[in-house]
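A.B. asks:
Protein chains: 2
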Amino acid sequence: MLVSTALRESFPDGVFVAGCPSRTVLDHVMSKWGPLVLLALADDEPVRWSELRRRAEGVSEKMLAQTLRTLVADGFVHREARPVVPPHVEYSLTPRGLELAALLQPLMVWMVQNAPEILEGAAASQA
Amino acid sequence: MLVSTALRESFPDGVFVAGCPSRTVLDHVMSKWGPLVLLALADDEPVRWSELRRRAEGVSEKMLAQTLRTLVADGFVHREARPVVPPHVEYSLTPRGLELAALLQPLMVWMVQNAPEILEGAAASQA
DNA sequence: CAGCATCCGCAGCGATACTG
DNA sequence: CAGTATCGCTGCGGATGCTG
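Top line first, the protein sequences correspond to chains A and B. Residues 0 to 126 (the numbering used here) make up the first sequence, in order. Residues 0 to 126 (the numbering used here) make up the second sequence, in order.
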C-alpha cells in the first residue's frame with residue numbers, strides 16, 4: 000500500500016514539507032471550527048449568520064467571524080450581503096468549497112459513528 | 000443534496016451538538032499534527048520515532064509525543080517498544096487507524112493539489 | 001441582524017535540559 | 001534512541017461592549 004510513501008513521492012513539496020502552502024490550507028480547514036462550518040454550509044440553500052451560529056453549536060461570535068473570514072479568503076465560502084435593514088447576509092459554498100465538503104463529509108460521518116467506541120477505549124486506558 | 004441537514008437528522012447527537020463525543024475525536028484527529036502523523040504512518044511498514052520526526056517536518060519533540068499519545072489512547076496507533084539498548088520503538092496504524100487514514104488521504108491529496116491556487120486567491124484578496 | 005473592537009486569562013507550543 | 005520535565009511566552013479563544 001505505502002500510501003504515505005506514495006504521497007511523499009508524488010508530492011515532494013507536499014504536506015510533509017514544512018514550507019508547503021498546503022500546510023496553511025490544512026490549518027485553515029482543520030481548525031477547530033472549520034470542518035463544522037464547512038459541513039453546516041453543505042446544503043444547497045444559503046445559510047444565514049444566526050443559523051450558522053445555531054448549527055455549529057458552541058461557537059462564539061468571534062470564532063465564527065474569524066473562521067468565516069479565512070474560509071471566504073480561501074475561496075471556499077461565498078458571502079452575499081443584501082443591503083437592507085435589518086442586514087441580511089447569506090453564506091454558501093463555492094464550487095471549490097463543495098469539493099472540499101464532499102471529501103470532508105465521509106470523514107465526519109465516520110467520526111460520529113465511531114466516537115463513542117473510541118472514547119470508551121481511551122477512558123479505559125486512563126484507568 | 001442537503002448533506003448537512005441529512006447529517007444532522009441522521010445524527011441528532013452528531014458533530015454539530017456541543018457535548019457530542021465526536022467533538023473530542025474531531026479535535027484529536029484535526030489537531031495541527033494529527034493528520035500529518037496519521038498519514039506518515041499510512042505505510043504497511045511500522046515507522047520509528049526518529050523517522051516520524053523527519054516525515055512530519057517541523058514538528059517538535061513535545062508535539063510529536065503529545066500527538067502520538069492521544070492517537071494511541073484513541074486506538075488509532077499501535078506502539079511497540081522492543082526492550083533493547085539502544086531503545087527501538089515502532090509505531091503503526093491499528094485497523095481503526097487505517098480506516099481513518101483511508102478517509103483522510105483523499106482530503107490531503109486534494110489540499111496539496113489545490114493549495115497553491117487557493118493561497119494565490121487569498122493573497123489577491125489581501126491587496 | 002450581523003458583525004467589529006478591545007481586553008485578558010490560560011493553555012498550546014517551542015526551546016532547553018535531563019534520563020532510562 | 002526515545003522520550004520526560006520544566007520554563008516561558010505567544011496567541012487562541014471567550015466575554016463584553018459598541019456600530020451600521
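The C-beta atom is built at its ideal place from N, Cα and C for all residues, glycine as well.
What in chain A is Cβ-close to Leu103(B), meaning under 9 angstroms?
C.D. replies: As a working note, residue 103(B) is residue 104 in the second sequence. Near Leu103(B) (Cβ distances below 9 angstroms), the residues of chain A are Leu106.
A.B. asks: With DSSP collapsed to three states, give me the class of Ser203(B).
C.D. replies: For chain B, the structure presents residues 0 to 126; residue 203(B) sits outside this window and is missing.
A.B. asks: Skipping 5 residues on each side, what residues in its chain have a beta carbon closer than 7 angstroms to that of Leu103(B)?
C.D. replies: One-based indexing of the second sequence puts residue 103(B) at position 104. These residues qualify, in order along the chain: Pro34, Leu37 and Leu38.
A.B. asks: Does the segment 84-96 of chain B touch the segment 85-97 of chain A, meaning 3 or more C-beta pairs lie closer than 8 angstroms?
C.D. replies: No, the segment 85-97 of chain A is not in contact with the segment 84-96 of chain B.
A.B. asks: In or out: Gly18(A) buried (at least 16 other Cβ within 10 Å) or exposed?
C.D. replies: Position 19 of the first sequence, counting from 1, holds the residue named residue 18(A). Answer is exposed; the Cβ neighbour count stays below 16.
A.B. asks: Select from Trp32(B), Leu99(B) and Thr66(B) the residue whose C-alpha is nearest the C-alpha of Glu56(B).
C.D. replies: Position 57 of the second sequence, counted from the first residue, corresponds to residue 56(B). Here the closest residue by C-alpha is Trp32(B).
A.B. asks: Taking DSSP's pairing of strands, which residues face Arg68(A) in a bridge?
C.D. replies: The residue given as residue 68(A) occupies position 69 in the first sequence. According to DSSP, Arg68(A) bridges with nothing at all.
A.B. asks: Give the residues of chain B in contact with Lys31(A), contact being defined as C-beta atoms less than 9 angstroms apart.
C.D. replies: Taking the first residue of the first sequence as 1, we reach residue 31(A) at position 32. Ordered by position in chain B, the residues that pass the 9 angstroms Cβ test against Lys31(A) are Leu25, Asp26 and Met29.
A.B. asks: Kindly indicate which three-state DSSP category Ser21(B) falls into: helix, strand or coil?
C.D. replies: Along the second sequence, read from residue 1 onward, the residue named residue 21(B) stands at position 22. Ser21(B): helix per DSSP, three-state reduction.
A.B. asks: Within 10 Å of its beta-carbon, does Val28(B) have 16 or more other beta-carbons around it, so buried, or fewer, so exposed?
C.D. replies: By 1-based counting over the second sequence, the position of residue 28(B) is 29. Buried: at least 16 other Cβ atoms inside 10 Å.
A.B. asks: For Leu40(B), report the span of its alpha helix (DSSP H) as first-last.
C.D. replies: As a first step, residue 40(B) must be located in the second sequence, where it is residue number 41. No alpha helix (DSSP H) holds Leu40(B); DSSP gives it neither H nor E.
A.B. asks: Between Pro45(A), Ala114(A) and Ala64(A), which has its C-alpha nearest Glu79(A)'s C-alpha?
C.D. replies: Your numbering for residue 79(A) matches position 80 in the first sequence. Taking only the C-alpha atoms, the option nearest Glu79(A) is Pro45(A).
A.B. asks: From Arg22(A) to Val14(B), what does the alpha carbon distance come to, in whole angstroms?
C.D. replies: Counting from one through the first sequence, the residue named residue 22(A) turns up at place 23. Counting from one through the second sequence, the residue named residue 14(B) turns up at place 15. Taking the straight line from one Cα to the other gives about 24 angstroms.
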